[in-house]
Amino acid sequence: MANKLALFGGSKTRTRLFPDQNTIDDREIDAVIKVMRKGRLSGYRGNWCPEFMGGPSVQELEKEWQRRFNVKHAIAVNSATSGLHIACGTVGIKPGDEVIVTPYSMSCSATAPMIYGSIPVFADIERDYYCLDPDSVEERITEKTKAIIVASLFGQPYSWEINKIARKHGLIVIEDAAQAVGSHLYSKDTPDRNETLAAGTLGDIGIFSFNYGKHMNCGEGGMIVTNNDDLALRCRLIRNHAEAVINGMGGIDRGRVDLSLVGFNMRMTEINAAIIKIQLEKFDEMQTSRMINVEYLNKKLSEIPAIEIGKIRPNCSHTYYVLPFQWDSKKADGLHRDKFIEAVKAELVEREGREGEGVPIGCGYIQPLYLMPLFQYKNGFRYQKGTCPVCEDLWKNRLFLTLLHSPNSTLNDCQDVANAFEKVWENRGKLV
Ligand SMILES: *Cc1c(COP(=O)(O)O)cnc(C)c1O
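Under this note's numbering, the first residue of the sequence shown carries the number 37, and numbering increases by one thereafter.
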């Protein structure tokens with residue numbers, strides 16, 4: 037029987053491996069060869085001199101990034117995690133401070149303040165947009181609160197309301213835009229600034245990621261952005277051995293900025309910068325193919341009554357790092373999301389070169405971060421189940437997401453994905 041579910045031994049909807057995400061072509065390869073022929077693979081020196089700011093590729097990339105995202109300072113680093121650590125040091129987070137964080141993000145966007153001895157405090161998220169919920173954030177503010185680290189999750193900006201709350205309470209906003217590069221908040225929602233803002237530039241300081249899986253990648257890398265001159269200088273110092281550099285900075289007005297900083301080596305190589313420069317040039321082109329897939333999958337999956345497609349926040353654009361959906365078991369005779377998705381995955385296959393990782397469709401994104409062992413028994417943390425109920429419901433029951441829309445998946449590949457969902461939906465009676 038052709039229609040028998042693969043979960044029960046029927047034939048799969050798709051047997052050919054899906055393509056893995058790969059957007060590297062001759063343009064990046066040529067750029068890398070140029071750097072290699074020059075032989076200077078990193079242009080940095082760790083003292084106060086012209087090379088303190090990095091080599092030509094790094095500096096060209098930063099200039100281009102500033103222009104492209106309409107921001108005064110772009111500071112290239114070796115990962116977004118490093119960027120978050122630098123941001124926390126730059127804004128002066130110190131032991132005993134509380135920082136409000138999201139439970140639904142890469143773990144580093146919640147743990148970054150711990151590097152500086154401060155305490156992450158988890159607030160709940162929005163059911164529709166998955167970013168920090170402004171009301172929950174406001175509830176968690178105490179006299180110790182210093183900053184909010186908000187993630188623009190899955191590809192769209194966080195709520196501007198958070199900025200208003202931060203201003204009211206004198207808090208700093210650090211935006212983790214690792215997943216949201218290229219998305220925007222249009223001016224209607226930012227009447228106090230009256231301009232269209234790129235994700236990453238919404239708070240006081242923002243970070244992007246160039247890790248392999250992200251929209252633009254050079255293997256590992258990241259970018260910090262800010263419009264604040266003092267924060268930018270402190271970022272550049274922490275990136276590159278601050279304590280060894282500060283003595284030599286005779287020409288700088290040292291009274292103006294607190295320069296008692298401990299630095300790291302979080303510098304980007306010339307090779308990585310050359311790759312990202314090309315990826316940035318190609319970004320619109322890469323997004324076009326991603327968005328064609330998104331539109332198709334959203335249309336097909338919305339035909340299944342128990343599936344709601346991801347919502348876009350009013351006055352925002354979405355660049356779909358992942359493609360999120362919600363499952364409503366009430367519209368599926370009580371069938372749980374996990375059983376449905378298990379059957380869908382059985383119809384599909386893995387991506388080429390990533391055998392063993394499973395079909396890239398995930399239930400629930402991640403466990404709420406406060407349930408990680410780190411926050412259960414150590415460091416005085418005892419975060420209980422129920423701390424962020426919306427997040428827990430999305431994790432356990434409602435949210436699922438896929439990466440099968442990302443380049444180099446074609447519409448043909450997406451058709452197989454949609455067919456698998458349809459087949460399982462038609463046979464859902466056999467799953468209860
Ligand atoms: C990927 C990611 C990071 C970490 O990026 P790296 O460059 O790998 O350090 C941080 N935050 C979010 C939300 C991410 O998705």
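Even glycine gets a Cβ: it sits at the ideal position worked out from N, Cα and C. Just so you know, these numbers come straight off a predicted model, no measurement behind them.
In or out: Ser188 buried (at least 16 other Cβ within 10 Å) or exposed? Its Cβ being crowded by 16 or more others within 10 Å, Ser188 is buried.
CA nearest to the CA of Ile328, picked from Asp171, Val173, Ser445: Looking only at Asp171, Val173, Ser445, the smallest Cα-Cα distance to Ile328 is reached by Ser445.
At least three beta-carbon pairs within less than 8 Å, the region 98-113 to the region 243-261: Taking 8 Å as the limit for Cβ pairs, the verdict is that the region 243-261 does touch the region 98-113.
Nearest CA to the CA of Ile241: which residue from Glu211, Asp266, Asn247? The residue with the shortest Cα to Cα distance from Ile241 is Glu211.
Could you pull the DSSP bridge partners for Arg387 from this structure? Within the DSSP secondary-structure output, Arg387 pairs in a beta bridge with Phe54.
Ser172 in three-state terms, based on DSSP: Correct three-state label for Ser172: helix.
Does any heavy atom of ligand 1 sit closer than 7 Å to the C-beta of Ser219? Checking every heavy atom of ligand 1 against the Cβ of Ser219, none is found closer than 7 Å.
Starting from Gly125 and walking both ways along the alpha helix (DSSP H), at which residues does that stretch end? Per DSSP, Gly125 belongs to the alpha helix (DSSP H) from 116-126.
Any non-hydrogen atom of ligand 1 within 7 Å of Cys399 CB: The answer is no for Cys399.
What does Asp212 pair with, by DSSP beta-bridge criteria? Under the DSSP definition of a beta bridge, Asp212 partners with Ala187, Ile243.
From Phe300 to Gly284, what does the alpha carbon distance come to, in whole angstroms? Between Phe300 and Gly284, the C-alpha separation is close to 17 Å.
Tell me which residues share the same chain as Thr117 and place their Cβ nearer than 6 Å to its Cβ, disregarding the 5 neighbours each side in the sequence. Excluding positions up to five away in sequence, the list reads Cys144.
C-beta contact flag for Ala183 and Ala213 at 8 Å: Not in contact: Ala183 and Ala213 (Cβ atoms no closer than 8 Å).
Is any heavy atom of ligand 1 found at a distance shorter than 7 Å from the C-beta of Gln215? Yes, ligand 1 has a heavy atom inside 7 Å of this Cβ.
For Cys85, the residue or residues it bridges with in DSSP: Note: Cys85 sits in no beta bridge, so no partner.
Host beta strand (DSSP E) of Thr147 (start-end): Counting along the chain, Thr147 falls outside any beta strand (DSSP E), though it belongs to the alpha helix (DSSP H) covering 144-147.
How many angstroms separate the CA atom of Cys450 from the CA atom of His441? In this structure, the alpha-carbon of Cys450 lies about 7 Å from that of His441.
For Pro425, name the three-state secondary structure that DSSP assigns. Reduced to three states, the DSSP call for Pro425 is helix.
For Glu134, name the three-state secondary structure that DSSP assigns. Three-state DSSP puts Glu134 in a strand.
Look at the Cβ atom of Thr232, then the Cβ atom of Ser223, and state whether they are nearer than 8 Å. In this structure, Ser223 lies closer than 8 Å to Thr232 by Cβ.
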